[in-house]
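Protein sequence lines correspond, in order, to chains D and B.
Under the working numbering, the very last position in the first sequence is 1325; numbers go up by exactly one each time.
Under the working numbering, the very last position in the second sequence is 369; numbers go up by exactly one each time.
Idealized CB from N, CA, C, for every residue including glycine.
Treat the numbers as computed from the prediction; the structure is a model and nothing was measured.
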Amino acid sequence: MIEQVRGLVADHGGLAVDVATLAEDTDLYRAGMSSFASVQLMLALEETFDIEFPETMLSPKTFSSLGAIQAAVQQLTGATA
Amino acid sequence: MDAQPDAPVDTKAAYLKDLLGAGLLIDTGVPGVYGRSGVFEDVITRFEATVTAAGEGQAEVMRFPPGMNRAHFARSGYMKSFPQLAGAVHSFCGDSHAHNDLLQAIEGGQDWTGGLTGTDVVLTPATCYPLYPAVAARGVLPSDGGLYDLQSYCFRHEPSNDPARMQLFRQREYVRIGSPDQVLEFRQLWLQRGQALINRVGLPYQLEIASDPFFGRGGKLMAMAQREQQLKFELLVPITSVEQPTACLSFNYHQDHFGQTWGIATDDGSVAHTACVGFGLERIALALFKHHGLDVKAWPASVREALWG
């Protein structure tokens, strides 16, 4: 799943760095993701994984790293890594 | 300016009724679109003079009309964040047959706007939006950056019976463009100046970290990010509600959003950062009338002195 997440971050995160080199805990905002890009990423994640982030998860923290995103998606799909 | 839920309807409607009854505002039949009396305008003119004095004549004065270049508006990203507030100007561009259809629709009480075509003009959503492309067109900034004094009517599509939430209203702004240090120093300076100005005219206020009314579910995410980074402060004054005071001034740090969007460069080749202070002129006038009464001649001497000297 992490590679799928990585692909979506590459497509929607608007990062200036190569997404392939990111560690799972690299802060995506520090890597250049704007808050609007994080919205685009959120919508793409919902479409790809057929999920809807509840209000309580709509915070920058949820989308702050590849690992955080994976954990959030797993929580909503009930999947394990 | 703010993203707060509306206060109970009755206090807003009651204050609006008072303002219309006193002739300070003039009803047009559309919520949030009002005429202003001479007295109302004089209060705004006098308050603006205190803002001008606080600016110490250091800014370049520019005045843009309340309509702006549609392409510039689109490039600015406004529709990403606030599509629900935007207003675009449409005009009739058809032939005689289309004209006939238009007149028949009006005659029949139907929607007659379907036959109109979008023009190159959109209504200005915030006073500083036309500034950035104009500054970018001049090329590299001078070494001390830029400082601009702006005022314009703005449009936001949010019909309301709250007199403090108009659809057409004026913002006075100072905008700083330069390095991060320069623009943050500017914002800090105006946080002090803004509070001093509001103190002088005898209004109670509180200063808060704030966010813009971003659209949709993603908007919540953007608003939280804006708050976490403390990009926006608002000076709030109770007008129609004590629990939900109204943002009368805002102090905004845009980081490099407009610098990136418009390719504005500082003299060392970096992307420029921007910040602005905005005064909601109608809201300030409404706060003054609320706290000091509808008769300006009966306002406290200190307030009259501050405004009329």
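| Item | Value |
| --- | --- |
| Counterpart residues of residue 334(B) in DSSP-defined beta bridges | 237(B) and 315(B) |
| Start-to-end residues for the beta strand (DSSP E) that takes in residue 276(B) | Residue 276(B) -> not in any beta strand (DSSP E); alpha helix (DSSP H) instead, spanning 276-288. |
| Span separating the alpha-carbon of residue 86(B) from that of residue 326(B) | 46 Å |
| Whole-angstrom C-beta distance between residue 1277(D) and residue 1257(D), which should lie under 8 Å | 5 Å |
| Outcome for residue 278(B) when other beta-carbon atoms lying within 10 angstroms are tallied against a minimum of 16 | buried |
| Rounded straight-line distance, which links the Cα of residue 317(B) to that of residue 1246(D) | 30 Å |
| Proximal residues of chain D, C-beta to C-beta of residue 286(B) below 8 Å | 1279 |
| Any chain D beta carbon closer than 8 Å to residue 277(B) | yes |
| Residue 61(B) (DSSP reduced to helix, strand or coil) | Unreliable placement is indicated for residue 61(B), whose pLDDT of 48 sits below 50; no coordinate value is reported for it. |
| Residues of its chain near residue 196(B), where Cβ-Cβ distance is below 8 Å and the 5 sequence neighbours each way are ignored | 322, 323 and 324 |
| Length-filtered (3 minimum) beta strand (DSSP E) runs lying within the region 178-237 of chain B | 206-215 |
| Contact between the region 223-233 of chain B and the region 264-284 of chain B (3+ Cβ pairs under 8 Å) | no |
| Per-residue DSSP class, three states only, for residue 96(B) | strand |
| Whether residue 218(B) touches residue 145(B) by CB criterion (8 Å) | yes |
| Residues bridged to residue 385(B) [DSSP beta-bridge criterion] | For chain B, the structure presents residues 61 to 369; residue 385(B) sits outside this window and is missing. |
| Chain D contacts made by the region 135-162 of chain B, where a contact means CB separation under 9 Å | 137, 140 and 141 |
| Boundaries (first-last residue) of the beta strand (DSSP E) holding residue 122(B) | 120-122 |
| Segment contact flag, the region 88-95 of chain B with the region 103-123 of chain B, C-beta cutoff 8 Å, min 3 pairs | no |
| Contact set between residue 1299(D) and chain B, taken where Cβ atoms lie within less than 9 Å | 277 and 280 |
| Under the three-state DSSP convention, the category residue 294(B) falls into | strand |
| Contact under 8 Å by Cβ, residue 314(B) with residue 335(B) | yes |
| Residue 328(B) to residue 207(B) span [Cα, whole Å] | 18 Å |
| Proximal residues, the region 1258-1288 of chain D versus chain B, C-beta separation under 9 Å | 1273, 1278, 1279, 1280, 1282, 1283, 1284, 1286 and 1287 |
| DSSP state of residue 323(B) mapped onto helix, strand, coil | coil |
| Three-state secondary structure assigned by DSSP to residue 156(B) | helix |
| Interface flag, residue 1309(D) vs chain B, CB-CB below 8 Å | no |
| Cβ neighbour criterion (16 or more within 10 Å) applied to residue 185(B) | buried |
| Euclidean distance between Cα positions of residue 311(B) and residue 143(B) | 22 Å |
| Touching by the beta-carbon criterion (3+ pairs, under 8 Å), the region 301-308 of chain B and the region 168-177 of chain B | no |
| CB contact flag (residue 271(B), residue 248(B), <8 Å) | no |
| Endpoints, the alpha helix (DSSP H) within which residue 127(B) is located | Where residue 127(B) is concerned, there is no enclosing alpha helix (DSSP H), although the beta strand (DSSP E) it sits in stretches over 127-129. |
| CB contact check: residue 1320(D) to chain B, cutoff 8 Å | no |
| Any C-beta of chain B under 8 Å from that of residue 1302(D) | yes |
| Nearest to residue 230(B) (by Cα), restricted to the options 100(B), 90(B), 158(B) and 330(B) | 100(B) |
| Cα-Cα separation, residue 163(B) to residue 1299(D) | 47 Å |
| Under 8 Å between C-beta atoms of residue 214(B) and residue 91(B) | no |
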